[in-house]
Structure formats: C-alpha cells, structure tokens
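Enquirer: Counting from 1, position 21 in the sequence shown corresponds to residue 21 in the UniProt record's numbering; the numbering is continuous, with no gaps. Just so you know, even glycine gets a beta-carbon here, dropped at the ideal spot from N, CA and C. Nothing here was measured: the structure is a model prediction, and the numbers come from that model. Got a structure for you, written out below as structure tokens; questions coming shortly.
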Amino acid sequence: MTKMIETATGRHIAYNRRAGQGVGVVFLGGFKSDMQGTKALALENWAARADRPFLRFDYSGHGESSGSFEEGAISDWAEDAAAAIETLTEGPQVLVGSSMGGWISLLLARRMPEKVAGLVTIAAAPDFTENGFWAGFGPVERETLLRDGRIVIPTEYEDFPYIITARLIEDGRKNLIFDQHLPLPFPVRLLQGTADAEVPQEWALRLLHHAASPDLRLTLVKGADHRFSSPDCLALIEAQVEEVLARVAG
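This is the structure:
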C-alpha cells in the first residue's frame, strides 16, 4: 500500500516498501517516470520471492508525490531520494537506477556512501540535461529556453511532451558526474541496450571508463531499447542485482 513521508523541505514523497532479510534494494526511476513502472514492479516481485527488503518511490512532481514536475530539478529529486533512503531503509542498500535514476544513484554514492552497498544501473543517463537536452538544442531552441524559461520537446508519446525548464538545465550543471572524480568502492553493474534511442551506448562506455571501482562491469544487450523491459531484460536486471548482493555482506 502506498504511503507518504514528508521531507525536510516539505515535499510529500509517495513510496511502497516491503520488509525482508539482509541487504535491501532500492529502485530509482527515470525522468517523468514513476514507481508503477514495469521494472519497479518486477523487482518488487523478485524481492518478495527472495525475501529481500525493497523500496520504490516517486520523486516530487512524479507519480503520486506532491509538487509540479515542471518546477523540479536534479537537486530536488536527489534530495527526495536521499530522504527516502535515510528515512525508510536500514543499513547500506543496493541501488538500482534506471535512466535518470542512474544519475541520481551516482549522486547518492557521492552524498551518502555509507548507505550504498552496491549499484546496478539500467541505461544510466548522468549529465543528460547537459549532454542530451542542451547539447541537442539549436540556437533558436536555446534562445527560446533562455528567453521564456522553458521549452516544449515532443516525445513518442503524443500527449506527454517534455517541458524542459531553464532551471532544470542550470541545476543539472551543479550535479554533473563527468566533471570530477567518481569513486564507487563497491560492486557496480551497468546495463545498456544497443537500440536505446534516448541514451547512447557511448554514455555507458564513458561511465565505465570514468568511474573508479574495484568491481565494475558493463553488459550491452543487442537490440534492447530504452525501456529495457522485455522478459529477458527483466531477468537480466534481477540476475545482476543478485550478483551484486552476493558480493556484499548480508
């Protein structure tokens, strides 16, 4: 059953949590996604079978949490994730970050390393506001964004365009991953589809080379798209989580 916590900034974060044994697993969703997605629910089912503690939640402005999506930015969503993990979990956790959730999980590894036992990312998109959105804008789009404070980007989902704000871009620059050293002193597994039209596989390779970890592997799945939600992909996510858990105490 969905419950709520209130953060120190007054945001109300919706979450679902199950109890279990050993090191827990936390799912961090993507940009404009929510905790009812296929991967989040599949992992929750896996956690029930494995009797593992599991947490999924909605960032502010996403799903059932309070706030407006358009008013949010990476710092806000990282704060929401940190608050959820600090309040709702015990001990170090294995973080599973999908797309933007991969970026958030890397920020948490910097911010609260004592709470991170391991990491699994799925099409991780660190710095996507800069290297994806801003880099992809032409002069007219950049001028519109700076003048109006926002720009509407069509997506494959006709009724759900992305509204990109100047604050999102500016705040993203305060949270860049590739501009400084990235120590990840725990098991890390990166998953990436070769047919991902939103996150290029080059980003995964860049992260592989940039991160400093004693136990880091990248798995490329030929033909997998950004959703990474086919039965085979979901089974691979579960297997990678199990592998990371097997390499950490508990």
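1) Going by CA-CA distance only, name the one from V120, M4 and R189 that's closest to R217.
2) With distances taken between CB atoms, is the gap from G118 to R247 smaller than 8 Å?
3) Cα separation between N16 and V23?
4) Using CA coordinates, which residue listed in D127, E143, P154 and F186 is at the minimum distance from L168?
5) Can you give me the start and stop residues for the alpha helix (DSSP H) that V140 sits inside?
6) What ranges does the alpha helix (DSSP H) occupy inside the region 165-237, keeping only unbroken runs of at least 4 residues that lie completely in it?
7) Could you have a look at K3 and say whether DSSP puts it in helix, strand or coil?
8) Looking only at DSSP bridge pairs, what is R56 linked to?
9) What are the residues that DSSP puts in a beta bridge with L95?
10) Is the beta carbon of W203 less than 8 Å from the beta carbon of A125?
11) Got a sec? Which residues, its chain only, sit under 7 Å from E19 by beta carbon, not counting five neighbours each side?
12) Would you mind working out which of D148, D196 and H181 sits nearest D225, comparing C-alpha positions?
13) If distances are taken between C-alpha atoms only, which option among A109, E70 and F57 comes closest to L88?
14) Please report the Cβ distance between D80 and R11, rounded to the nearest whole angstrom; I am assuming they are in contact, meaning their Cβ atoms lie under 8 Å.
15) Measuring CB to CB, does K32 end up less than 8 Å from Y162?
16) Rounded to a whole number of angstroms, what is the C-alpha to C-alpha distance between L43 and G193?
17) Within 8 Å, do at least three Cβ pairs link the region 131-143 to the region 58-78?
18) Measure from the C-beta of G63 to each C-beta in chain B and report whether the shortest distance is under 8 Å.
19) Excluding the five sequence neighbours on either side, which residues of its own chain have a C-beta within less than 6 Å of the C-beta of V152, listed in chain order?
20) Would you kindly check if the distance between the Cβ of V116 and the Cβ of V244 is under 8 Å?
21) Roughly how many angstroms lie between the CA atoms of A50 and R110, to the nearest whole one?
22) Identify, in the order they occur along the chain, each residue of the same chain with its Cβ nearer than 6 Å to the Cβ of W103, setting aside the five sequence neighbours on each side.
23) At the level of alpha carbons, what is the spacing between G97 and T144?
24) Suppose you measure from the CA of A82 to the CA of E141; what does that come to, to the nearest Å?
25) Just how far apart, CA to CA, sit A84 and I13?
Expert: Walking through what the data contain:
1) R189
2) yes
3) 17 Å
4) D127
5) P139 to D148
6) 166-172 and 201-210
7) strand
8) N16 and F27
9) V26 and L119
10) yes
11) The question names Glu, yet the displayed sequence has Ala at residue 19. Counting only Cβ-Cβ distances below 7 Å, and skipping sequence neighbours, we find P53.
12) D196
13) F57
14) 6 Å
15) yes
16) 19 Å
17) no
18) Included in the structure is just one protein chain, with no chain B present.
19) P161 and I163
20) no
21) 29 Å
22) A125 and P126
23) 32 Å
24) 33 Å
25) 8 Å
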